[in-house]
Amino acid sequence: MTSLAIKASPWKRRLNRILTYLSKPQNAILLALGIILTVTTIWPAFTIVRDTVTIHQGTVDTRGAEAGQVYTTFNWTDLFAPATKTAQKLAVINLWTPLLNSVLLSIFACIGSILYGGLFAYLVTRTNLKFKKYLSSIFIFPYIMPQWTLAVIWRNLFNSHAVTKGADGLFASVFGINMPAWWCQGMFPSAVVLALHYAPFAYILIGGIFRNMDANLEEAATILNTPKWKTFLRVTLPLVKPAILSTILLVFSSAMGSYPIPHYLKLSTLSTKYVEMNVQRTGEASILAVIMMLFGIMILIVNQRTTSGRKNFTTVTGKSGQSSVVNLGIGKYILSFIYILTTLFTGIIPILLFAVETFLPNPGDYSFITGGIAGHMTTKWWATAENVSENGMYGQKGMLFNETIWNAFGGTLLVALVCALVAGTIGTLVGYCVSKNRRSKWAAYVNNMAFLPYLMPALAVGVAFAKFGSSVGIYNTFLLLILAGTIKYIPFASRSALNSMMQLSGEIEEAAIIQDVPWWKRMLRIIIPIQKSSIISGYLLPFMTCLRELTLFMLLCSQAKIITTLLDYFDEMGLYAFSSGINLILVLVILAFNALVNKLTGASIDSGIGGDAK
Amino acid sequence: MARIELTHVTKRWGGFYAVDDLDLLIEDNAFVTLLGPSGCGKTTTLRMIAGLETPTTGRITIDDTVVFDSEAGINIPANKRRVGFLFQNYALWPNMTVFQNIAFGLSNIKETGLSVSPEGEIIRNPDADGTPRKLTKEEIKKIVARVSAIVKIQPFMDRYPGELSGGQQQRVAIARTLAPGPKVLFMDEPLSNLDAKLRLEMRSELQRLHLSTGSTFVYVTHDQMEAMTLATRICLISNGVLQQYDAPLTVYNKPNNTFVADFVGNPAINFMNARGTQKEDGSFELTLLSDYKASFTPSEPVKADEWYAEAEKEIAAFEAKQRPAEKTNKDVPFNYPIAMVTDMPDERTPDKEDWVVGVRPEFVSICDDGPIEGEVFSAMPTGMETTVRIRVGNFLLTSVIFGGITYKIGEKIRLRFTGDGATLFSRVNGRLTATGKIDVK
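One line per chain: the protein sequences are D and V, in this order. Going by numbering that gives the first Met the number 0, the first sequence opens with residue 0, and the numbers climb by one from there. Going by numbering that gives the first Met the number 0, the second sequence opens with residue 0, and the numbers climb by one from there.
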């Protein structure tokens with residue numbers, strides 16, 4: 000190189016510029032990830048849309064189509080512009096009622112989880128509530144446990160032969176109480192269960208802000224002689240508003256895509272209706288999936304609007320860190336008692352009930368309470384070592400010897416492990432690269448692409464990958480499960496990585512760049528060790544969530560492939576002891592993993608859900 | 000060891016020009032400070048030279064190597080420029096001990112002709128034959144021992160950064176930067192996180208370091224005192240545009256414009272609006288401080304009309320410059336502050352008979368036979384010197400007097416402007432017309 004001015008030809012200059020751009024690892028990775036994520040997100044979504052206008056042989060949409068015709072508008076017109084009276088009735092049953100139910104369910108779940116979780120967040124961070132430590136760890140149990148756990152518990156508690164048909168639940172068989180139908184099935188229990196399941200979101204997101212909020216802000220209002228209620232409404236509440244908003248967005252989209260809860264509690268929503276219609280009316284079912292996707296995109300847009308606005312106070316932190324504690328007086332015992340009671344039902348009793356169920360001689364047969372354990376409990380569900388059809392075993396071996404169960408369990412572990420590794424790694428890279436290119440539009444795009452599946456209802460993503468999988472011939476393979484799981488869970492890792500990388504000053508890495516430390520060494524020796532705990536939770540969250548995921552996977556494989564779909568299968572067969580037993584194993588495995596990782600690394604699932612209130 | 004040259008370097012984000020067409024020549028072994036208010040582009044300039052930021056256009060050479068040239072598409076990454084960089088918040092790696100922090104960069108060096116002197120200095124001979132090699136553990140230890148002795152941190156080698164005080168962290172950061180023997184050392188406000196006393200101490204150590212390493216130092220600061228005391232040359236930047244590049248005392252005594260005059264010096268310079276014309280003998284007949292008549296005699300002869308013609312030509316050239324995007328951070332004339340008891344903005348559009356006279360506080364002296372009448376507005380003795388603010392009509396003048404003298408507030412005094420260090424600026428464009436002597440009648 001000389002110091003003479005050289006004027007390179009334009010194409011050479013362009014080439015040089017591209018090479019310079021790509022010589023930064025973060026740029027090269029961003030480019031690659033952007034392309035991969037675009038394909039894996041857009042293509043499956045596109046296949047659903049195409050599916051809505053495709054003629055499916057053997058389903059209703061062949062009606063009126065000529066031979067050789069490939070596309071039809073029949074599916075859309077039948078749902079949105081029905082021609083006949085019967086068709087109108089069908090449209091109401093197949094589209095409008097489930098849509099209304101889905102929206103209402105999501106709204107109720109939002110309100111419920113924010114009230115229940117937000118109040119808890121306030122009590123834990125801002126008052127002298129008793130037993131805070133115990134309560135705050137037990138409070139997030141419902142989120143760690145599979146979604147349907149509480150729905151199944153609800154069913155086992157309140158169902159009765161008189162009202163809902165089928166076996167009697169605990170209330171009916173032991174106390175002889177038959178709860179009314181609206182309490183047992185439909186909107187009310189679904190909303191309550193969803194609210195309980197997502198309340199930990201509200202607690203973690205809102206609690207995070209309460210915890211970091213500078214007490215001086217409230218003290219300033221107190222000094223100015225503002226009444227307490229006014230301080231709360233005008234100062235405290237506006238500050239937690241972003242957290243409330245992000246809770247709403249998360250819960251709304253999760254509730255919309257939830258399949259197991261409305262399924263178990265017999266509410267017709269978009270997701271249950273999709274599964275119902277999938278075989279007979281494939282094209283129309285795909286329209287339901289498209290509607291769910293549109294909701295997801297809408298939520299993403301709202302999320303963008305609200306987080307980029309001026310009124311984003313999430314960085315409100317103070318140096319005082321000394322938050323003033325509200326004295327509840329005698330209330331601290333009463334409120335703790337109430338929360339201990341409710342968390343008992345959401346955290347401890349489910350596990351106990353699952354355990355008990357696996358020892359009942361017949362489903363719903365709680366005679367051991369009155370008749371004594373001997374003779375009224377059995378270990379047959381666990382210990383039967385051969386195929387028998389008597390005793391209600393339907394030709395299955397006991398759980399301890401049942402290869403189908405253990406194979407499915409192995410399958411789940413494999414999927415969860417690979418998903419966690421891939422999603423965690425990609426998510427961490429996205430977080431790293433985006434934090435390095437804060438101003439770049441491309442980085443923002445990649446970040447959004449990685450984030451989109453988070454706000455997509457799980458069932459819609461499942462449908463998309465099912466269509467995608469069949470079209471490329473990988474249906475019912477672990478590859479497809481892993482692909483879907485990875486894409487759906489990248490946001491967990493990318494968000495926690497991005498949040499923590501944003502807090503890491505760029506100078507930390509630049510200090511190494513200046514000294515000519517290669518990129519891989521910078522990552523391994525500096526970035527990763529510093530961000531250890533958030534990166535681990537970026538791997539942990541996909542793993543945990545994968546273990547208990549049903550909605551996303553159920554359309555992608557045969558039922559014996561992984562443990563959650565197998566559980567669903569046993570449940571439908573009426574082998575409740577098996578479904579409870581699998582539930583029990585799952586919950587215990589997840590809790591054990593959480594505790595183990597927490598012990599080893601200090602990272603925990605509760606610090607990872609959403610990270611901060613973005 | 001290293002000479003740095005910037006030619007027409009511009010950095011912009013859309014229409015925002017962080018650095019606007021900067022030409023700068025940093026001589027070998029110089030200690031240059033980039034000075035300016037926050038957001039003026041000084042850090043961006045430093046980062047562009049180091050390679051941490053890519054200029055939009057322009058050309059940068061270090062020694063005889065072109066490290067960046069937008070025309071030729073050359074951009075040597077930061078890690079290949081062999082420079083040292085001291086960060087504002089030290090950027091020590093919290094997961095490594097002090098020893099590891101310093102040694103980490105050394106373990107990456109792989110060159111031909113590498114050797115280490117018994118004192119622990121890296122000797123490079125890139126033209127030597129043989130295969131490139133890395134430093135041995137022993138050699139690294141020797142180098143770490145040498146640099147840690149320079150900044151006196153030997154007792155802390157096994158500690159983690161979190162266990163050190165701010166000053167100790169700063170020393171570790173310096174040792175880490177010095178270890179690979181960079182030919183240029185860049186520092187980005189390295190002392191701003193230290194307390195006042197420590198800052199003074201580190202300032203003198205940096206000066207010693209500059210002498211003993213013989214490297215070229217480029218230093219960013221917004222603290223004019225730091226710039227004045229350390230630098231061999233100050234590069235003063237405002238709104239991305241170079242204002243003045245001179246030795247500290249030149250900047251202080253002959254500021255290019257009102258911005259420079261105001262930015263450098265503490266307490267700040269006294270500005271007075273004046274109106275008048277140049278006489279035959281070259282002196283200016285002025286009216287200032289409402290109704291005082293004064294005469295300003297330039298130290299070097301200057302012709303007002305010729306000077307104006309020259310300045311207008313330069314301004315026209317600056318404005319005619321081709322820009323790919325309109326500059327959204329507009330260059331507006333510096334709004335120099337005039338201290339008054341009650342603010343009375345002068346809304347008249349200035350013409351060529353309007354001037355600004357600048358008098359440094361040390362040239363405002365209180366004496367019984369002074370021509371200007373005033374009263375003490377406030378007095379702040381520090382022991383070594385006393386800063387007095389004096390009210391003259393509605394105007395306030397600041398005076399610094401050596402020694403601790405107590406004044407009563409409200410006391411009537413008389414004062415005069417002494418010395419030939421007064422400055423005369425045009426109010427039309429804010430540029431320095433002349434320095435000289437001001438006599439109030």
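For glycine and all other residues, C-beta sits at the position ideal for the given N, C-alpha and C.
message = Between V82/V and chain D, is the shortest Cβ-Cβ distance under 8 Å, so that the two count as touching?
response = yes
query = Applying a beta-carbon distance threshold of less than 8 Å, which residues of chain D neighbour F103/V?
reply = A511, Q514, V516 and R524
task = Let me know the secondary structure DSSP gives E110/V once reduced to three states.
result = strand
ask   = Looking at the C-beta of M74/D, does it have a partner C-beta in chain V at a distance below 8 Å?
value = The amino acid occupying residue 74/D in the given sequence is Asn; Met does not appear at that position. Closer than 8 Å: no.
message = Please report the distance separating the alpha-carbon of T231/V from that of A219/D.
response = 49 Å
query = Which bits of chain D does W92/V rub up against, with CB to CB less than 9 Å?
reply = I507, A510, A511, R524, I525, P528 and I529
Residues, ordered as in the chain, of the segment 323 to 336 of chain V that lie near chain D by beta-carbon distance below 8 Å = none
task = Grab me the residues of T485/D's own chain with a C-beta within less than 6 Å of its C-beta, minus the 5 sequence neighbours each way, in chain order.
result = C418, V421 and A422
request  = Run through the segment 73 to 115 of chain D for me and flag every whole alpha helix (DSSP H) of 4 or more residues, listed as ranges in chain order.
outcome  = 73 to 79 and 84 to 90
query = So, do the segment 162 to 174 of chain V and the segment 17 to 36 of chain V have three or more beta carbon pairs nearer to each other than 8 Å?
reply = no
key: Sufficient close CB pairs (3 or more, under 8 Å) joining the segment 294 to 307 of chain V to the segment 383 to 395 of chain V   = no
Between the CA atoms of L128/D and L163/V - distance to the nearest angstrom = 38 Å
ask   = In terms of residue numbering, what span does the alpha helix (DSSP H) encompassing N447/D cover?
value = K440 to L454
key: Member of L210/V, Q153/V, G369/V and V439/V whose CA lies at the smallest distance from the CA of Y291/V   = V439/V
message = With a threshold of 8 Å between beta carbons, is G320/D in contact with chain V?
response = The pLDDT assigned to G320/D is 46, lower than 50, so where the model puts this residue is not dependable, and the model offers no usable value.
ask   = For a contact meaning CB atoms closer than 7 Å, what does T19/D contact in chain V?
value = N74
message = Between which residues of its own chain and P97/D is the CB-CB distance below 6 Å, once the five residues before and five after are set aside?
response = S267, T268, L269 and K272
request  = Report the partner residues of C234/V according to the DSSP bridge assignment.
outcome  = L33/V and Y244/V
message = With a threshold of 8 Å between beta carbons, is A315/V in contact with chain D?
response = no
message = If you measure between the beta carbons of D222/V and P336/V, is that distance less than 8 Å?
response = no
message = Does the CB of F376/V have a neighbour CB from chain D at under 8 Å?
response = no
inquiry  = With distance defined between alpha-carbon atoms, name the residue in P43/D, R13/D and G33/D nearest to G468/D.
reply    = P43/D
task = May I have the straight-line CA-CA distance separating A226/V from M186/V, to the nearest angstrom?
result = 12 Å
request  = Please work out which residues of its chain come closer than 8 Å, Cβ to Cβ, to S214/V, disregarding the five sequence neighbours upstream and downstream, and give them in chain order.
outcome  = M0, A1, N28, G83, P181, K182, V183 and L184
Close Cβ partners of A161/D (< 8 Å) along its chain, the five nearest in sequence each way excluded = A171 and N177
task = Helix, strand or coil for G308/D, going by three-state DSSP, please let me know.
result = Low per-residue confidence applies at G308/D: pLDDT is 48, beneath 50, and the placement is therefore not dependable, though the value from the model is reported in the following sentence. Reduced to three states, the DSSP call for G308/D is coil.
query = Which of the three DSSP states, helix, strand or coil, is assigned to W92/V?
reply = coil
ask   = What span of residues does the beta strand (DSSP E) with H7/V cover, start to end?
value = I3 to W12
inquiry  = Between which residues of its own chain and S101/D is the CB-CB distance below 7 Å, once the five residues before and five after are set aside?
reply    = M255, T268 and L269
query = Considering only residues of the same chain and omitting the five flanking positions on each side of V229/V, which have a CB-CB separation below 7 Å?
reply = Reading the sequence as shown, one finds Leu at residue 229/V and not Val. Contacts found: F30, T32, R202, L205, Q206 and Y218.
task = Just confirm the distance between the C-beta atoms of I298/D and L248/D, as a whole number of angstroms; I'd bet it's less than 8 Å.
result = 5 Å
query = At what residues does the alpha helix (DSSP H) containing L412/D begin and finish?
reply = E402 to K435
query = Taking the C-alpha atoms as reference points, what is the distance between I286/D and F45/D?
reply = 12 Å
query = Sorted by chain position, which residues of the same chain lie with C-beta nearer than 7 Å to G430/D's C-beta, five sequence neighbours on each side aside?
reply = S493, A496, L497 and M500
message = Quick check: the Cα distance between E318/V and Q242/V, rounded to an integer number of angstroms?
response = 15 Å
message = Run through chain V and tell me which residues come within less than 9 Å of S172/D, C-beta to C-beta.
response = Chain V residues near S172/D: none, gap ~59 Å exceeds 9 Å.
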